[in-house]
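Quick note, the sequence shown lines up with residues 630 to 853 if you use our numbering.
Here's the structure, in structure tokens; my notes come after.
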Amino acid sequence: MSESKSERMEIDVYWSFRSPWSYLATRRLRDWQEQFQLQVNFRVVYPIAIRTPEFFQQVQPQWFSYFQTDVYRVAEFLQLPFVWPNPDPVIQLTNEEGERQTGAEQPYIHRLSRLGALAEEMGRGIEFVDEVSSLIWGGTKNWDHGDHLARATQSAGLDLAEMDRRVVDEADRLESVIQKNQVDHDHAGHWGVPTCVFKDEPFFGQDRLDVLLWRLKKEGLQTR
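Printed below as a string of structure tokens:
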């Protein structure tokens with residue numbers, strides 16, 4: 630018996646291309662959509678370096694060193710490749726005081742985010758971000774050069790050249806989609822990514838996915 634749309638449960642996932650934690654959550658979310666009667670609605674938002682650039686001047690001084698320690702060990706625990714992106718999806722500069730400041734020019738993050746929003750509209754959102762985030766965070770140097778991004782997009786069942794044309798032609802509309810995602814993210818009950826939402830209940834962080842899966846199964850999630 631084929632599944633009907635009414636039998637599928639849905640979650641919204643607020644996600645950023647600059648967030649390593651988003652990358653570390655994505656493969657599991659994609660696996661869930663393939664394994665369970667679950668629709669993962671991908672909701673791209675801009676990273677905190679774009680949304681709240683002053684964050685890096687206000688954060689506790691221990692934040693970055695702990696972040697560096699934690700993200701690498703979580704990637705090892707999950708058995709996922711992890712290398713800080715080259716180039717970084719967000720251009721940040723360091724001033725004389727060692728503070729990180731978001732650059733005025735951002736050649737990567739707007740294109741990536743609009744591509745992600747478009748991929749979701751085309752029905753391949755979680756597949757696209759899985760393939761592309763694996764490219765960016767998995768150790769591919771100069772991921773923006775050559776055919777790296779085109780091949781990752783093809784692996785998600787999409788055509789990068791077609792999508793890039795639409796991103797240019799529909800830039801304002803796609804930007805409005807991202808802005809709405811950010812408003813909905815705020816209303817969901819958390820500001821960080823990844824934040825998953827099921828029936829208005831937020832689950833922040835890749836380390837809450839097991840709790841989310843428990844909740845979904847408690848609510849009747851079925852395998853395909």
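Each residue gets a CB set at the ideal place from its N, CA and C atoms; glycine is no exception.
Cβ separation of residue i and residue j, assumed to be a contact under 8 angstroms, to the nearest whole Å
i, j, result
"Thr-782", "Asp-773", "Actually they are not in contact, since the Cβ atoms of Thr-782 and Asp-773 sit about 13 angstroms apart, beyond 8 angstroms."
"Thr-731", "Pro-690", "Not a contact, Cβ separation roughly 19 angstroms."
"Cys-825", "Asp-660", "In fact, because the Cβ distance is near 14 angstroms, the residues do not count as touching under 8 angstroms."
"Arg-656", "Asp-776", "With 8 angstroms as the limit, Arg-656 and Asp-776 do not qualify as a contact, their Cβ atoms being about 23 angstroms apart."
As assigned by DSSP and simplified to three states, the class of residue i
i, result
"Arg-855", "This structure does not reach residue 855, given that the chain is present from 630 up to 853, and the question cannot be answered."
"Gln-708", "coil"
"Val-719", "coil"
"Arg-672", "strand"
"Val-688", "coil"
"Leu-787", "coil"
"Pro-714", "coil"
"Phe-833", "strand"
"Ser-633", "Summary for Ser-633: the model assigns pLDDT 44, below 50, so the residue's position carries little reliability, and this model does not support an answer."
"Thr-681", "coil"
"Ile-738", "helix"
"Trp-644", "strand"
"Leu-850", "coil"
"Glu-639", "strand"
Cβ pair residue i, residue j closer than 8 angstroms
i, j, result
"Phe-827", "Leu-845", "yes"
"Val-822", "Ala-746", "no"
"Ala-800", "Arg-743", "yes"
"Phe-671", "Ser-762", "no"
"Pro-718", "Tyr-701", "no"
"Gln-668", "Glu-636", "no"
"Ile-755", "Glu-734", "no"
"Trp-766", "Pro-716", "no"
"Tyr-643", "Ala-817", "yes"
"Thr-852", "Gln-664", "yes"
"Arg-740", "Val-806", "no"
"Val-840", "Gly-768", "no"
Reference residue i; option with closest CA among the options
i, options, result
"Leu-850", "Ile-640, Trp-650, Ala-654, Gln-666", "Gln-666"
"Gln-686", "Gln-735, Glu-725, Arg-656", "Glu-725"
"Arg-729", "Pro-716, Arg-837, Val-688, Asp-813", "Val-688"
"Asp-815", "Arg-802, Val-840, Glu-830, Leu-803", "Glu-830"
"Ala-654", "Arg-837, Thr-852, Arg-853", "Arg-837"
"Pro-649", "Val-840, Glu-791, Thr-698", "Thr-698"
"Asn-810", "Arg-657, Pro-676, Arg-656", "Pro-676"
"His-704", "Ser-651, Leu-841, Asp-793", "Reading the sequence as shown, one finds Ala at residue 704 and not His. Measuring from the Cα of Ala-704, the nearest candidate turns out to be Ser-651."
"Arg-794", "Asp-813, Phe-696, Ala-748", "Ala-748"
"Ala-678", "Tyr-695, Leu-658, Trp-820", "Trp-820"
Closer than 7 angstroms: residue i CB and nearest the ligand NAD heavy atom
i, result
"Val-840", "For the structure depicted, the ligand NAD is absent and the ligand set is empty, with no information on it obtainable."
- Item | Start-end ranges of the alpha helix (DSSP H) lying completely within the segment 757-830, minimum 4 residues | 777-784, 789-798, 800-817
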